[in-house]
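J.: Have a look at this one before I ask anything.
Number of protein chains: 2
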Amino acid sequence: MTQGNIFVVTAPSGAGKTTLVAALLAADANVQLSISFTSRAPRAGEVDGKDYRFVDRAAFEAMIAAGELLEYAEVYGNYYGTSLAWINEARQSGRDILLEIDTQGAEQVRKLFPDAIGLFVLPPSLEVLEQRLKNRGKDAEDVIARRMAEARAEIGHAAEFDYLIVNEHIDEAVRDIVGIVRAERLRQPRQAKRHAALLASLKG
Amino acid sequence: MTQGNIFVVTAPSGAGKTTLVAALLAADANVQLSISFTSRAPRAGEVDGKDYRFVDRAAFEAMIAAGELLEYAEVYGNYYGTSLAWINEARQSGRDILLEIDTQGAEQVRKLFPDAIGLFVLPPSLEVLEQRLKNRGKDAEDVIARRMAEARAEIGHAAEFDYLIVNEHIDEAVRDIVGIVRAERLRQPRQAKRHAALLASLKG
Numbered sequence: 001m002t003q004g005n006i007f008v009v010t011a012p013s014g015a016g017k018t019t020l021v022a023a024l025l026a027a028d029a030n031v032q033l034s035i036s037f038t039s040r041a042p043r044a045g046e047v048d049g050k051d052y053r054f055v056d057r058a059a060f061e062a063m064i065a066a067g068e069l070l071e072y073a074e075v076y077g078n079y080y081g082t083s084l085a086w087i088n089e090a091r092q093s094g095r096d097i098l099l100e101i102d103t104q105g106a107e108q109v110r111k112l113f114p115d116a117i118g119l120f121v122l123p124p125s126l127e128v129l130e131q132r133l134k135n136r137g138k139d140a141e142d143v144i145a146r147r148m149a150e151a152r153a154e155i156g157h158a159a160e161f162d163y164l165i166v167n168e169h170i171d172e173a174v175r176d177i178v179g180i181v182r183a184e185r186l187r188q189p190r191q192a193k194r195h196a197a198l199l200a201s202l203k204g
Numbered sequence: 001m002t003q004g005n006i007f008v009v010t011a012p013s014g015a016g017k018t019t020l021v022a023a024l025l026a027a028d029a030n031v032q033l034s035i036s037f038t039s040r041a042p043r044a045g046e047v048d049g050k051d052y053r054f055v056d057r058a059a060f061e062a063m064i065a066a067g068e069l070l071e072y073a074e075v076y077g078n079y080y081g082t083s084l085a086w087i088n089e090a091r092q093s094g095r096d097i098l099l100e101i102d103t104q105g106a107e108q109v110r111k112l113f114p115d116a117i118g119l120f121v122l123p124p125s126l127e128v129l130e131q132r133l134k135n136r137g138k139d140a141e142d143v144i145a146r147r148m149a150e151a152r153a154e155i156g157h158a159a160e161f162d163y164l165i166v167n168e169h170i171d172e173a174v175r176d177i178v179g180i181v182r183a184e185r186l187r188q189p190r191q192a193k194r195h196a197a198l199l200a201s202l203k204g
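Right, dumping it as C-alpha cells:
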C-alpha cells in the first residue's frame, strides 16, 4: 500500500479555510481530516471527536511531556496539537491526511515530514477579511483587531507554503483545493510505486 | 502579466491522449494547444491549422535549418515539430501552452524549458492498448505490431515525466489532467508573482 500524502492547510481566520476543507472532504473520500487535541473548552455546538478532541490542560501537558504530539501551539491561552501516532497510522492506510493548523504548527510538521505539502489560503483583500470576521458576529471589536494583526503576521509566512489559494469565489477555491490534492497523488514517483506492476508489464 | 506554464503531454498511441486533451481544452479556456507543423500528408478529415500545419518536406527542412523549431522528430518517415517563436509569444499572454509530443520531443523541450511540466498517459494494460489500436480499424496488422513495440519503448521513458495518468476510466483521467493543470497554476512562486500587490497589501 502506497502511503498517503500529508497536506497542511493554513489560513488567517476569516479566510474561509473551514468551508474550503469541508467541501474538499465532501468531494474526495480519500482525504482524512486530522482531529486536533485541544485544552480549550468546547464552544456551543462543538462535538468531541468531530471538531476537536477536548482534554484538560493537565492531560495535554502530559501528552507534550511524553512526546506524543507532532506539533502543538498555545493560542490565546489554549493548547492545540496533533497526535503523531495517529498520523503515522492513518497514512499507512493509503489515505491522505489533512491538517488544519497555523504557520507555527506547519513549520513543526515540515521538520518531521519534509514531504508534507503546504497550502496557504488568502482572503481577496484585508477589507474582505475584516468584513468576514465582523459578519461572524461572535467576536468583540478588540478580538477582531487582534485577529487582524494575527492575520498579517500569518500571511507573512505564505512564501513557506507550496501552494497559494486566493479565496475570492468559494466555488473556484474549492476546485483549487480539490485539484491540488488530486494532482499531488499523480506525481510520478508516487504513481510509479502505486502502479509498479502495471509499469513492469507495459514495458514488457 | 505572469507567463503561462508549458505542459508536455506524451502517450503511446492508443492510450487516449487525443480524447483527454480535447476534454481538457473544453474544460479550461486558459489552455492553448500548440499546433504542430508536419510534412505528412493530411488524412481524411484533417484540417490545416487545426490538426496540424501541413507543409512540404523542403519547407520543413528550411525551418530546421533556420533554428525555428523548439523540437522536431521524424516518425515513420514524416517530420513533426513545434515552432519556438509561437511558444514564446503565446506564453507571454499568460495562457498555458500544451504540447502533444513524443518522448523524444519532450526531452528537447525540457532542455530549452526546464520548468516545462511533463505528463505521461498510460493505458491500463497492454491488452487494452492493443484492443484500442485494433478497434480504430484504420491500421494493418503489421502497423499495429510496430505501434505496440513503439508503445513499450515510449513507456520506458515514463519516469522522466512529472505526472503519470493511468487512463482506465476516461472521466477520471479527464479530472486528473484538469486537476494537474489547475494545481500547477497555484504553486507558490507563480501565485506570489501573480498576486504580488495583494500579498503586499495583506502584509501591511
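So the sequence lines, in the order shown, correspond to chains A and B.
Taking the UniProt record's numbering, I'd label the letters of the first sequence as residues 1 to 204.
Taking the UniProt record's numbering, I'd label the letters of the second sequence as residues 1 to 204.
Quick reminder that beta carbons are idealized off the backbone N, C-alpha and C, glycines included.
In three-state DSSP terms, what is residue 37 of chain A?
T.: For the purposes of this step, residue 37 of chain A is identified with residue 37 of the first sequence, where counting begins at 1. Note: residue 37 of chain A maps to strand in three-state DSSP.
J.: In the region 91 to 136 of chain B, which residue ranges form an unbroken beta strand (DSSP E) of at least 3 residues, counting only runs that do not cross its ends?
T.: Listed in chain order, the complete beta strand (DSSP E) runs (minimum 3 residues) inside the region 91 to 136 of chain B are 96 to 100 and 117 to 122.
J.: Just the C-alpha distance for residue 15 of chain B and residue 123 of chain B, rounded to the nearest angstrom, thanks.
T.: Numbered from 1 along the second sequence, position 15 holds the residue referred to as residue 15 of chain B. Numbered from 1 along the second sequence, position 123 holds the residue referred to as residue 123 of chain B. Answer to the nearest angstrom: the Cα atoms are 5 angstroms apart.
J.: Could you work out which residue in A:40, A:121 and A:65 is closest to residue 56 of chain A when comparing CA atoms only?
T.: Looking up residue 56 of chain A in the first sequence gives position 56. Of A:40, A:121 and A:65, the residue nearest in Cα terms is A:40.
J.: Residues bridged to residue 53 of chain B by DSSP?
T.: Reading the second sequence from its first residue, position 53 is the one you call residue 53 of chain B. According to DSSP, residue 53 of chain B bridges with B:37.
J.: On the DSSP bridge assignment, give the partners of residue 161 of chain A in chain order.
T.: Looking up residue 161 of chain A in the first sequence gives position 161. Answer is none; residue 161 of chain A lacks a bridge partner.
J.: Taking just the CA atoms, how far does residue 178 of chain A sit from residue 28 of chain A?
T.: Indexing the first sequence from 1 puts residue 28 of chain A at position 28. Indexing the first sequence from 1 puts residue 178 of chain A at position 178. Each residue's alpha carbon lies about 7 angstroms from the other.
J.: Is residue 104 of chain B close to chain A? Criterion is C-beta to C-beta, closer than 8 angstroms.
T.: Position 104 of the second sequence, counting from 1, holds the residue named residue 104 of chain B. Closer than 8 angstroms: no.
J.: Please classify residue 170 of chain A as buried or exposed, where buried requires at least 16 other C-beta atoms within 10 Å of its C-beta.
T.: Locating residue 170 of chain A in the first sequence gives position 170, counting from the first residue. With fewer than 16 Cβ atoms within 10 Å of its Cβ, residue 170 of chain A is classed as exposed.
J.: Using a beta-carbon distance below 8 angstroms, is residue 121 of chain B in contact with chain A?
T.: Locating residue 121 of chain B in the second sequence gives position 121, where the first residue counts as 1. No, because no Cβ of chain A sits closer than 8 angstroms to the Cβ of residue 121 of chain B.
J.: Using a C-beta cutoff of 8 angstroms, does residue 161 of chain A count as contacting chain B?
T.: As a first step, residue 161 of chain A is located in the first sequence; it is residue number 161 there, counting from the start. Yes, its Cβ sits closer than 8 angstroms to a Cβ of chain B.
J.: Strictly below 7 angstroms CB to CB, what residues from chain B border residue 165 of chain A?
T.: Position 165 of the first sequence, counting from 1, holds the residue named residue 165 of chain A. In chain order: 186.
J.: Taking DSSP as the reference, what is the three-state secondary structure of residue 5 of chain B?
T.: If you number the second sequence from 1, residue 5 of chain B lands on position 5. DSSP places residue 5 of chain B in coil when its eight states are reduced to three.
J.: Considering only C-alpha positions, which residue in the set B:202, B:58 and B:139 is nearest to residue 43 of chain B?
T.: On the second sequence, position 43 is the one that residue 43 of chain B refers to. When only C-alpha atoms are compared, the closest one is B:139.
J.: Kindly indicate which residue of A:2, A:4, A:3 and A:8 has the alpha-carbon position closest to the one of residue 160 of chain A.
T.: Numbered from its first residue, the first sequence carries residue 160 of chain A at position 160. When each option's Cα is compared against that of residue 160 of chain A, the closest is A:8.
J.: Could you check if residue 64 of chain B belongs to the surroundings of the ligand NAD, using beta carbon to heavy atom distance under 7 angstroms?
T.: As for the ligand NAD, it is missing from this structure, which has no ligand bound.
J.: Are there 16 or more other CB atoms within 10 angstroms of the CB of residue 182 of chain B, so buried, or fewer, so exposed?
T.: Translated into the one-based positions of the second sequence, residue 182 of chain B becomes position 182. Buried is the call here.
J.: Under 9 angstroms Cβ-Cβ, which residues of chain B neighbour residue 3 of chain A?
T.: Here residue 3 of chain A is taken as the residue at index 3 of the first sequence, counted from 1. The premise fails here: residue 3 of chain A is roughly 17 angstroms from chain B at the closest Cβ pair, so nothing lies under 9 angstroms.
J.: Quick check on residue 83 of chain A: does DSSP put it in helix, strand or coil?
T.: Taking the first residue of the first sequence as position 1, residue 83 of chain A is located at position 83. Reduced to three states, the DSSP call for residue 83 of chain A is strand.
J.: Which residues of chain A have a Cβ atom closer than 8 angstroms to the Cβ of residue 125 of chain B, listed in chain order?
T.: Residue numbering aside, residue 125 of chain B sits at position 125 when the second sequence is read from its first letter. Residues of chain A passing the Cβ test: 198, 201 and 202.
J.: Specify whether the region 66 to 83 of chain A and the region 92 to 108 of chain A touch according to this definition: at least 3 beta carbon pairs, one from each stretch, less than 8 angstroms apart.
T.: The region 66 to 83 of chain A vs the region 92 to 108 of chain A: in contact.
J.: I want to verify the contact list: residues of chain A whose CB lies under 7 angstroms from the CB of residue 176 of chain B, in sequence order.
T.: Here residue 176 of chain B refers to the residue found at position 176 when the second sequence is read from its first residue. What residue 176 of chain B touches in chain A: 182 and 186.
J.: In three-state DSSP terms, what is residue 48 of chain B?
T.: The count along the second sequence starts at 1 and reaches residue 48 of chain B at position 48. Strand.
J.: Within 8 angstroms of any Cβ in chain B, is that where the Cβ of residue 11 of chain A sits?
T.: As a working mapping, residue 11 of chain A is identified with position 11 in the first sequence. Closer than 8 angstroms: no.
J.: Look at the alpha carbon of residue 174 of chain A and the alpha carbon of residue 23 of chain A, and state the distance between them as a whole number of angstroms.
T.: Counting from 1 along the first sequence, the entry for residue 174 of chain A is found at position 174. Counting from 1 along the first sequence, the entry for residue 23 of chain A is found at position 23. Straight-line Cα distance between these residues: approximately 7 angstroms.
J.: Am I right that residue 155 of chain B and residue 203 of chain A are in contact with their C-beta atoms under 8 angstroms? What's the rounded C-beta distance?
T.: Here residue 155 of chain B refers to the residue found at position 155 of the second sequence. Here residue 203 of chain A refers to the residue found at position 203 of the first sequence. Right, the Cβ-Cβ distance comes to about 5 angstroms (below 8 angstroms), so this counts as a contact.
J.: By how many angstroms is the C-alpha of residue 99 of chain A removed from the C-alpha of residue 80 of chain A?
T.: In the first sequence, the residue the question calls residue 80 of chain A occupies position 80. In the first sequence, the residue the question calls residue 99 of chain A occupies position 99. Those two C-alpha atoms are separated by around 12 angstroms.
J.: In its own chain, which residues sit with a C-beta less than 7 angstroms from the C-beta of residue 30 of chain A, not counting the 5 before and 5 after it?
T.: As a working note, residue 30 of chain A is residue 30 in the first sequence. Taken in chain order, the residues that qualify are 95 and 96.
J.: Beta-carbon separation of residue 199 of chain A and residue 158 of chain B under 8 angstroms?
T.: Walking along the first sequence from the start, residue 199 of chain A turns up at place 199. Walking along the second sequence from the start, residue 158 of chain B turns up at place 158. In this structure, residue 158 of chain B lies closer than 8 angstroms to residue 199 of chain A by Cβ.
J.: How is the alpha helix (DSSP H) around residue 168 of chain A delimited, first residue to last?
T.: In the first sequence, counting from the first residue as 1, residue 168 of chain A sits at position 168. Premise fails: residue 168 of chain A is in no alpha helix (DSSP H) and is neither H nor E.
J.: When DSSP builds the beta bridges, which residues end up paired with residue 10 of chain A?
T.: Position 10 of the first sequence, counting from 1, holds the residue named residue 10 of chain A. In DSSP, residue 10 of chain A forms a bridge with A:120.
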